[in-house]
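Numbering (the working numbering), first residue to last: 420 to 1009. Backbone N, C-alpha and C define an ideal beta-carbon position, used for all residues, glycine too.
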DNA sequence: GCCGTTTTCGGCCCGACTGTTTTCAGTCG
């Protein structure tokens, strides 16, 4: 039952952070914050967002906190917000939010999602031009109505247009993490209700692409009617778009569309292959089948002449019957995998359980939510050999970056914790900003005490290519630097990569023994799959880190491993598959 | 609206960048 394996740890993964009630409450608090910000109210938005974040990350059910009168134990929740949560949880509505919604059309909130548009601009656009949504805004730009406004010139108009393009490039697609959690929940639900059926994710989710259009789920069973009934009665279903015998589509309350297909068991492997895609991979596979006198469809692999079934029940059989090695879903993009599978030369991809540790975790010392000990405990539960604490450096005041004095203090605390806690070993590191001129944000003396520095760029993204390349390469000459965090700086759907000479940077990384990070944070996934392949082909080492800002987020490495697999990475390419002693030795630690 | 080993009231991350502002306002991280 290979097909089930991909999600067998789904429940583990979701833990309790996926609690619908908590995220629902958080969503409402975020919405209030946005409305207050639009109204130009100071400080309250931050207060609501802080409360929202803490509710979202809460290790427990907000309903229980509410029922037991313990809401005030949640950081950032005081009397006023506790009352609002109470009203929401008990009555399912919140009059305060309804009042806010009545004052400002919700389309104005939509404008805030566009980069370059903040609360002030959104309100001006709304009040002066009556704009209440992105479509209105595009019309207005098209008719050059913005440039008539005070304070708006042609460049502003162009910038906003660019912002809309960035926004739309991800529109209709959701992040892998979001799709993964939603799908895991639905799959578990289906399996609980129908114990003997085979269920798997298919489509781009099974290939673990960084964004997902909609979720495809495949079921093998003859009980289609019952399963369809179960599916459309899933608690988060908001709309039933279609419901038939073999295919149903629903929209969840969070807007995600989910398609369910049911096939007979003898076709399950072929259907899984077909619905996993990619389209390009399938086209190439079909051509290969034809060249071998066969034909392939979602129903099976058949002899072209006699129509005899050759394979279909098991996915690996379909590949085997075409004289191919089994191709893992992450590779199915028609980027040379079929050719490699013919020659038995597919990479031995890094496995989802192969990491020995996570080297980029934040704590409440800077902008994280947990203590060092809590991060350690989570690392321990993941059976890691080591975990690296890497809080922000002093430049990043916004993230409560550590001064030299606090860095020293943290370093000492880690020393003590190592003694008292035992394994996994806690590395004492830092995510150090690279300044504009390529220097690091701490002097040598401060860095010397650390086990490692992760160099990282958070400022001056718009430098020219040459300058940025110099800046990065120059920082790499520092011998404490062992990793380069989120190397391109892109945020999916929000911010493009800064420009630099990729090959020169990879080369400098190799020369200096620096691993390039796959930052597994869902919005980053940086390096991406293509860059991972480029870097490995050039001979670079990769490190997969969660960049966790809360203990539960150490789970994010799964998405980083997916990126590595999509980039054809093997275990030997990844720094943190190394055992503890080897890594220490490599870093020159005694 | 929240919070308190410097305050139960007065703070709340703040500096850099960009555009169109002739001295500053908005956005971002």
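- Query: CB-CB under 7 Å to residue 756, same chain, minus the five flanking residues each way: which ones, in chain order?
  - Reply: 746, 750 and 765
_Cβ-based neighbour list, residue 804, same chain, cut-off 8 Å, excluding 5 preceding and 5 following_ = 775, 776, 842, 843, 844, 998 and 999
message: Across the region 650-660 and the region 725-737, are there enough close Cβ pairs to call them in contact, namely three or more that are closer than 8 Å?
response: no
### Query
So the alpha helix (DSSP H) residue 700 belongs to, where does it begin and stop?
Its alpha helix (DSSP H) spans residues 698-710.
Open item on the list: Quick check on DSSP: helix, strand or coil for residue 666?
Closed with: Looking at residue 666 - three-state DSSP - the assignment turns out to be strand.
Between the CA atoms of residue 887 and residue 573 - distance to the nearest angstrom = 28 Å
*Go ahead and pull the three-state DSSP assignment for residue 830.*
In this structure, residue 830 counts as helix in the three-state DSSP scheme.
- Query: In terms of residues, what are the limits of the beta strand (DSSP E) holding residue 562?
  - Reply: Taken as a continuous stretch (DSSP letters only), residue 562 belongs to no beta strand (DSSP E), as it is neither H nor E.
If I measure Cβ to Cβ from residue 785 and keep anything under 7 Å in the same chain, skipping five residues before and after, which residues do I get? These residues qualify, in order along the chain: 810, 811, 818, 819, 820 and 821.
State the start and end residues of the unbroken alpha helix (DSSP H) segment that holds residue 777. Note, residue 777: premise wrong, no alpha helix (DSSP H); beta strand (DSSP E) at 776-780.
Quiz prompt | Residue range of the beta strand (DSSP E) that includes residue 934 | solution = 934-938
Between the beta-carbon of residue 996 and the beta-carbon of residue 946, is there less than 8 Å?
-> Annotated as distal: residue 996 and residue 946, with beta-carbon spacing of 8 Å or more.
Using the C-alpha atoms, what's the distance from residue 635 back to residue 622?
6 Å
Ordered along the chain, which non-local residues of its own chain (more than five positions away) have a Cβ less than 7 Å from that of residue 1003? none
Can you tell me where the alpha helix (DSSP H) holding residue 527 begins and where it ends? 525-530 is the span of the alpha helix (DSSP H), which, as asked, contains residue 527.
Within 8 Å, do at least three Cβ pairs link the region 606-616 to the region 949-969?
With a cut-off of 8 Å on Cβ pairs, the region 949-969 is not in contact with the region 606-616, counting fewer than three such pairs.
If we call anything under 8 Å between Cβ atoms a contact, is residue 852 one with residue 877?
yes
Tell me the residue span of the beta strand (DSSP E) that contains residue 811. 805-811
Can you tell me the Cα-Cα spacing of residue 690 and residue 639, whole angstroms? 9 Å
Would you list the one or two residues that DSSP bridges to residue 997?
None; residue 997 has no bridge partner.
Does residue 441 pass the burial test, meaning 16 or more other C-beta atoms within 10 Å, or should it be called exposed? buried
Nearest to residue 708 by alpha carbon, out of 528, 694, 683 and 741?
-> 741
Discussion item. Quick check on the burial criterion: 16 or more other C-beta atoms within 10 angstroms. Buried or exposed for residue 992?
Written reply: buried
Exercise for the section: Using a threshold of 8 Å, state whether the C-beta atoms of residue 561 and residue 605 are closer than that. Expected result: Contact flag unset, no.
Q | Pick from 915, 524, 940 and 936 that is closest to residue 954, judged by C-alpha positions | A | Comparing Cα-Cα distances from residue 954 to each of 915, 524, 940 and 936, the minimum goes to 936.
What residues are listed by DSSP as bridge partners for residue 402?
The chain is shown only over 420 to 1009; residue 402 falls outside these bounds and no answer can be derived.
key: Host alpha helix (DSSP H) of residue 818 (start-end)   = For residue 818, there is no enclosing alpha helix (DSSP H), as DSSP marks it with neither H nor E.
Discussion item. Do residue 860 and residue 829 count as a contact pair if the criterion is CB distance below 8 Å?
Written reply: no
- residue 435 - DSSP class collapsed to helix/strand/coil: Note on residue 435: pLDDT 34, under 50, position unreliable in the model; the coordinate value appears next. If DSSP states are grouped into helix, strand and coil, residue 435 belongs with coil.
message = Can you tell me which residues form a DSSP beta bridge with residue 850?
response = 811 and 873
Which term fits residue 702, buried or exposed, when burial requires 16 or more other beta carbons within 10 angstroms of its beta carbon? exposed
*Out of 647, 898 and 863, which has the shortest C-alpha to C-alpha gap to residue 1007?*
898
Could you tell me which of 592, 481 and 721 sits nearest to residue 912, measuring between CA atoms? 592
Next on the checklist: What would DSSP say about residue 947, mapped onto helix, strand or coil?
Outcome noted: coil
**Item:** Nearest to residue 717 (by Cα), restricted to the options 682, 706, 744 and 748
**Value:** Of 682, 706, 744 and 748, the residue nearest in Cα terms is 682.
Work out the CA separation of residue 481 and residue 867 for me, nearest whole Å.
A direct Cα-to-Cα measurement between residue 867 and residue 481 gives close to 44 Å.
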